[in-house]
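K.L.:
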Amino acid sequence: MKFDDIKKRILKNYKLLVSTKIISGLASVITLLLIARFLGVKEFGVFAMVISSVEILNILFSFRVWDTTVKFIGDNATNKQNISSYISFSMLVSFFSSLLSLMLIFFLADWVTYHLFGDLNITTLPGFYSINFLAKLISIYAFSVLFISINDNFDGILRTYNQYNSILKINIITNLSRLVLVALSIYYYGTLIKIFICFVLAFAIGTLLRFIYLTRALNKEEIDFELSHSLNHSEQFDYLKFMSNAHFSNILNLANDKNLGVLVVGYFVGPFYAGLYRVARAITKIIRRIMDPALEIIFPEFVKLNTEKDFQNYKKVIVESVKMLLFSSSIVGLGIYVFSSEIIVLFFGTEYIQAESALFILIIAMIIHNGIYWINPSMLALGRAKYLTIITIITALIYCSSLFYLVRAMQHDGAALSLVIRNLSILVIGTCFYIKVIKEKLS
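First residue of the sequence shown: 436, per this note's numbering; consecutive thereafter.
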């Protein structure tokens, strides 16, 4: 296949997805804006810490299956019976691992709350922020884990069949639904419990929409999908083996997750600074949204090019996409930098102005992050999950060691600077491994 054809297809899908991500990102930021203004800095920090604790536990307990599903569907592109079996198996794994995750979070809610918030001076917060109340919030938000892995898996399958228009509609409707639900909740005497329930309902709406669009896509592809379709033991073993590597890497990738930074800042220097850091992350999220569509599109393309052993176009896809992402990310980042104080004061209020310094650092971190987007999917598509694990372990150690030191010294700014250090480490180490893999493939 000619590179121009590949580029044309990628750009077409990218334009669709980037529109989705920007609209969804704006809806997400506005949702956080409403909550941040409603709660205030310290209370918003507690809110962010509750969400982060649940999402970190879910990453530990719920299997990540979407990229494994995409790989095995791509490897069996001509065998529709096998595709149906892989989809069925992936759904079962997603559901039961999510159910297990929910049960474990319920079981650990009191323990997590006590150790995370027990040493904080919560007496300065409104009276209902007791340890028991915070454990209740964790338990309520935990219901969202029933949908997260399944939603990711559905999205991966939809991307495999170029259903980017469907993903666009799903994400916009889901994020706007969450915004409307939260706005109504706050308007009608909102409480944190009601806000968390709104978040869970939005996840459920997203799952329902994805199931509807996935059913249509499979019918269009003439894939006779039934949950009763099953894989043989050898196929199940191969799937679970690949998934285990991807899941282990995902656990280690907590070092790339905003949730770890929020929790470390909140635990060591208090919810006030956790709130500031979360606001800075929310604003710079628009830069990451530029990259997300490329990450979603590129993995199926990498799988195809690796199958065809077309490593010349493989390299071209990486170079051209990185150029595009760095240019667009830098433009958006510059705009945020120039108007940073105005953005913070206008949308979040003057009490959040101390987030400005972390915002500057995070702009740099997000631009670098967009430039290294290709490393993880490339290692997986090339069948080098073990290299991805090595990269992740090394960079996780670098990030965590710098995070725990710098947060104590620089509060929320330290968390932002640690992310810059981590992303630069991935760039150097990941590029070295990519060169090594390509040499192995060509020898």
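Virtual Cβ for every residue (Gly too), placed ideally from N, Cα, C. The structure displayed is predicted, hence computed values, not measured ones.
Looking at Ser533 and Val489, is the spacing between their C-beta atoms short of 8 Å?
P.N.:
Not a contact, by the Cβ cut-off of 8 Å.
K.L.:
Check whether the Cβ atoms of Ala729 and Asn610 sit closer than 8 Å, and answer yes or no.
P.N.:
Cβ distance not < 8 Å, so Ala729 and Asn610 don't count as in contact.
K.L.:
Tell me whether Gln516 is buried or exposed, calling it buried when 16 or more other Cβ atoms sit within 10 Å of its Cβ.
P.N.:
Result: exposed.
K.L.:
Nearest to His847 by CA position, among Leu695, His550, Val872 and Ser878, is which residue?
P.N.:
If we check each option's Cα against that of His847, Leu695 comes out closest.
K.L.:
Less than 8 Å between the C-beta atoms of Ala790 and Ala483, yes or no?
P.N.:
The answer is no: Cβ separation not under 8 Å.
K.L.:
Would you check if there are 3 or more beta carbon pairs closer than 8 Å linking the region 569-583 to the region 626-639?
P.N.:
Short answer: they touch.
K.L.:
Grab me the residues of Ile807's own chain with a C-beta within less than 8 Å of its C-beta, minus the 5 sequence neighbours each way, in chain order.
P.N.:
Asn858, Ile861, Leu862 and Gly865, listed in sequence order.
K.L.:
Can you find the residues in the same chain that come closer than 8 Å, C-beta to C-beta, to Ile771, ignoring five residues on each side of it along the sequence?
P.N.:
Excluding sequence neighbours, Ile771 sits near Ile718, Thr719, Ile721, Ile722, Ile778, Leu794 and Ile798.
K.L.:
Check whether the Cβ atoms of Phe541 and Ser497 lie closer than 8 Å to each other.
P.N.:
It is not a contact, given that the beta carbons lie outside the stated cut-off.
K.L.:
Rounded to whole angstroms, what's the CA-CA distance from Thr504 to Asp659? Just pull it up for me.
P.N.:
Rounded to the nearest angstrom, the two C-alpha atoms are 17 Å apart.
K.L.:
Sorted by chain position, which residues of the same chain lie with C-beta nearer than 8 Å to Ile803's C-beta, five sequence neighbours on each side aside?
P.N.:
Hits under 8 Å: Val855, Asn858, Leu859 and Leu862.
K.L.:
When you compare the CB positions of Ile605 and Leu653, do they come within less than 8 Å of one another, or not?
P.N.:
No; because the gap between Cβ atoms is not below 8 Å, this pair is not in contact.
K.L.:
Check whether the region 813-830 touches the region 737-746, taking contact to mean three or more Cβ pairs, one atom from each stretch, closer than 8 Å.
P.N.:
As far as the Cβ criterion goes, the region 813-830 touches the region 737-746, which means the pair count is three or higher.
K.L.:
Check Ser534 in the structure and name its three-state DSSP category.
P.N.:
At residue 534 the sequence reads Leu, which differs from the Ser that was named. Helix, per DSSP.
K.L.:
Could you pull the start and end residues of the alpha helix (DSSP H) that Trp501 belongs to?
P.N.:
Element bounds for Trp501: Trp501 to Asp510.
K.L.:
Scan the region 573-642 and note each continuous alpha helix (DSSP H) run of 4 residues or more that stays entirely inside, going in chain order.
P.N.:
Entirely contained in the region 573-642, the alpha helix (DSSP H) runs reaching 4 residues are, in chain order, 580-595 and 599-622.
K.L.:
Can you tell me the Cα-Cα spacing of Gly625 and Ile465, whole angstroms?
P.N.:
Rounded to whole angstroms, Gly625 to Ile465 spans 16 Å at the Cα level.
K.L.:
Assuming Ile494 and Asn748 are in contact, meaning their beta carbons sit under 8 Å apart, how far apart are those beta carbons, in whole angstroms?
P.N.:
With 8 Å as the limit, Ile494 and Asn748 do not qualify as a contact, their Cβ atoms being about 33 Å apart.
K.L.:
Note down the Cα distance separating Val476 from Asp545, rounded to an integer number of angstroms.
P.N.:
Taking the straight line from one Cα to the other gives about 24 Å.
K.L.:
Could you round the C-beta distance between Asp590 and Ile602 to whole angstroms and report it? I think they count as a contact, below 8 Å.
P.N.:
Indeed they touch by this definition, with Cβ atoms about 6 Å apart.
K.L.:
Using three-state DSSP, classify Trp809 as helix, strand or coil.
P.N.:
Coil.
K.L.:
Return helix, strand or coil for Asp545, following the three-state DSSP convention.
P.N.:
Correct three-state label for Asp545: helix.
K.L.:
As a quick exercise: from Val700, Tyr521, Met814 and Phe762, pick the residue whose alpha carbon is nearest that of Phe839.
P.N.:
For the residues Val700, Tyr521, Met814 and Phe762, the minimum Cα distance to Phe839 belongs to Val700.
K.L.:
Using 8 Å as the threshold, is the C-beta distance between Leu551 and Ile628 below it?
P.N.:
Contact: no.
K.L.:
For Ser665, name the three-state secondary structure that DSSP assigns.
P.N.:
It is coil, neither helix nor strand.
K.L.:
At the 8 Å Cβ level, is Thr626 part of the contact set with chain D, yes or no?
P.N.:
Included in the structure is just one protein chain, with no chain D present.
K.L.:
Let me know if Ala715 comes out buried or exposed under the rule of 16 or more other beta-carbons within 10 Å of its beta-carbon.
P.N.:
So Ala715 ends up on the buried side.
K.L.:
Taking Cβ positions, are Asn586 and Gly641 nearer each other than 8 Å?
P.N.:
In this structure, Gly641 lies closer than 8 Å to Asn586 by Cβ.
K.L.:
Give the secondary structure of Glu755 by DSSP, where H, G and I count as helix, E and B as strand, and everything else as coil.
P.N.:
Residue state, collapsed to three classes: helix.
K.L.:
Short of 8 Å in beta carbon distance, which residues of its chain neighbour Ile828, apart from the five on each side in sequence? Order them along the chain.
P.N.:
Around Ile828: Leu687.
K.L.:
How about Glu630 and Ile522: do their beta carbons lie closer than 8 Å?
P.N.:
Note on identity: in this sequence residue 630 is Ile, with Glu being the wrong assignment. Result no, Cβ atoms of Ile630 and Ile522 do not sit closer than 8 Å.
K.L.:
From Phe703 to Val697, what distance separates their C-alpha atoms?
P.N.:
One C-alpha to the other measures close to 10 Å.
K.L.:
In or out: Phe762 buried (at least 16 other Cβ within 10 Å) or exposed?
P.N.:
Answer is exposed; the Cβ neighbour count stays below 16.
K.L.:
Tell me the residue span of the alpha helix (DSSP H) that contains Ser853.
P.N.:
Unbroken alpha helix (DSSP H) run through Ser853: His847 to Leu877.
K.L.:
Tell me the rounded alpha-carbon separation between Ile810 and Ser519.
P.N.:
For Ile810 and Ser519, the distance between alpha carbons rounds to 29 Å.
K.L.:
Please confirm whether Met526 and Asn588 have their CB atoms less than 8 Å apart.
P.N.:
It is a contact, given that the beta carbons lie within the stated cut-off.
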